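Here is the structure we will look at, set down as structure tokens.
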Amino acid sequence: MGNWNTTCACTRSKFTRKQMDSMDHNTHHEGIKTLKVNKVCNFSGNSDLCICVVTWNMNGQAVYEDLVELVGSNSKSDLLVVGLQEVPRKNIAPLLQAALADTHVLLGKAIMQSLQLYVDKHSVGGCGGLIGRKKGAVAIRMSYNGIRMVFISCHLSAHARNVEERNSQCRHISHSLFSKHRNPHSKPAQVTVWLGDLNYRIQGIKTHPVRNLIQKNLHRLLTGKDQLLQEAERGQVFDGYCEGTLTFKPTYKYDVGSSNYDTSYKVRVPSWTDRILFKIQDMEEIRASLHSYESVDDIHSSDHKPVKAHLCLKVNEQP
């Protein structure tokens, strides 16, 4: 399986927020590129690596049947990456392994209290990497089939009003993981995947109009109100990343045990809090195609719906 080294990267940065904003803000930015899903993927060997990525805020509940529903149908993927937030105080790894039966083995994990990230591999072979952890995020750095990758699972600050705080947290996480000063000997990742409860909300529209559009299957009209896409367009976060089209319904907040949006006195505005984004460092070196980006609506044990993506990578032959 190779050697895995675990390190802790929980130390807070010495940079002030103003300094970090100045360092990371570019006058020219691309924002998030929205990709259409190409549903054709038959695992015929045309791709060098197929990855199933899953993120789920568990809301402190662990139902084995839901984990089976979440990961049990992904046995053909080379890598299965599972990021969990608000994980209950119990060992989830055996439940995940049982849900995967004999198709995958646990390759690496990064755990910080209720924030957990797992990578499962389809078959045993040579592989090495580094696991890092920090406040608000856990990450796994690895190499597979010669492709250097970083998977980051995070849980950012809640509430619609805290958008600037979320932006700052994203920049802090990125600086901690990718700064040459902090990791002088590590080669840059060719593929970076962010997943988790990013907590960006739909804003500028009240909850009942939002729900009416969702009920009419017109939630695509709400993407212009999504904070994450807005902030990326402003160049604040995730510049140059890709994300699938938001064709699924907002994933938060649901009444536990149902598919009904929040009926508490807060009647929260439904939002796409749970997201999966990726970035290819050199598009001429590695091609990527997205074959699914969807929520898992049949799981009801949390107030969040899980989100899954199927990403395939192809290394271009060098002349």
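FYI, the numbering for the sequence shown is 1 to 319, going by this note's numbering. Virtual Cβ for every residue (Gly too), placed ideally from N, Cα, C. Fair warning: this is a prediction, and the values are worked out from it, not measured in the lab.
Pair within 9 Å by beta-carbon distance, residue i and residue j
i      : j      : result
Leu70  : Ile51  : no
Thr245 : Trp272 : no
Ala189 : Arg148 : yes
Lys314 : Ser143 : no
His155 : Gly196 : yes
Val193 : Val150 : yes
Ser179 : Arg166 : no
Gly136 : Leu100 : no
Gln203 : Val163 : yes
Ser295 : Gly257 : no
Reference residue i, options the options, closest by Cα
i      : options                        : result
His208 : Asp262, Thr251, Gly244, Gly257 : Asp262
Tyr118 : Glu165, Ala232, Ser153         : Ser153
Gly83  : Arg275, Leu218, Lys36          : Arg275
His291 : His300, Ser301, Lys308         : Lys308
Arg141 : Thr103, His172, Val191, Val163 : Val191
Thr55  : Arg268, Gln116, Ile111         : Gln116
Leu198 : Lys33, Ser168, Gln113          : Ser168
Inter-residue spacing [alpha-carbon to alpha-carbon] between residue i and residue j
i      : j      : result
Phe248 : Leu221 : 12 Å
Asp120 : Val53  : 11 Å
Ala288 : Val81  : 17 Å
Gln97  : Val87  : 16 Å
His310 : Cys170 : 23 Å
Glu233 : Lys36  : 18 Å
Glu317 : Glu284 : 10 Å
Lys305 : Asp282 : 32 Å
Asp298 : Ser259 : 8 Å
Lys270 : Tyr293 : Looking at the sequence provided, one finds Pro at residue 270 rather than Lys. Going from the Cα of Pro270 to the Cα of Tyr293 covers about 18 Å.
Asn145 : Ala139 : 19 Å
Leu49  : Ile286 : 11 Å
Lys279 : Tyr241 : 5 Å
Glu65  : His29  : 43 Å
Ser114 : Ile173 : 17 Å
Val68  : Asn57  : 16 Å
His219 : Ile111 : 34 Å
Gln85  : Lys216 : 30 Å
Leu312 : Gly31  : The sequence given here places Cys at residue 312; Leu does not occur at that position. The straight-line gap from Cα to Cα measures roughly 22 Å.
Ile214 : Ser77  : 32 Å
Same chain only: Cβ atoms within 8 Å of residue i, ignoring 5 sequence neighbours per side
i      : result
Lys187 : Arg148
Ala93  : Leu106, Lys109, Tyr118
Asn26  : With a pLDDT of only 45 at Asn26, under the threshold of 50, the placement of this residue in the model should not be trusted; the figure read from the coordinates follows. Gly235, Asp239.
Asn212 : none
Asn38  : Ser289, Leu290, His291
Asn42  : Because Asn42 carries a pLDDT of 47, less than 50, the predicted location of this residue cannot be relied on, and the following value inherits that uncertainty. Answer for Asn42: no residue qualifies.
Supposed close pair residue i, residue j - CB separation, criterion 8 Å
i      : j      : result
Lys266 : Asp303 : About 12 Å; that fails the 8 Å criterion.
Glu243 : Leu277 : 5 Å
Own chain residues within Cβ distance below 6 Å of residue i, not counting five before or after
i      : result
Tyr200 : Gln227, Leu228
Asp255 : Thr263
Arg268 : Lys253, Asp262
Lys346 : One cannot answer for residue 346 here, as it falls past the ends of the chain, which runs 1 to 319.
Gly60  : Glu86, Pro88
Nonlocal neighbours in the same chain, by C-beta distance under 7 Å from residue i, ignoring five residues either side
i      : result
Ala62  : Pro88, Lys90, Ile92, Leu95
Lys225 : Ile202, Gln203, Gly204, Ile205
Thr328 : The requested residue 328 does not occur in the structure, where the chain is confined to residues 1 to 319.
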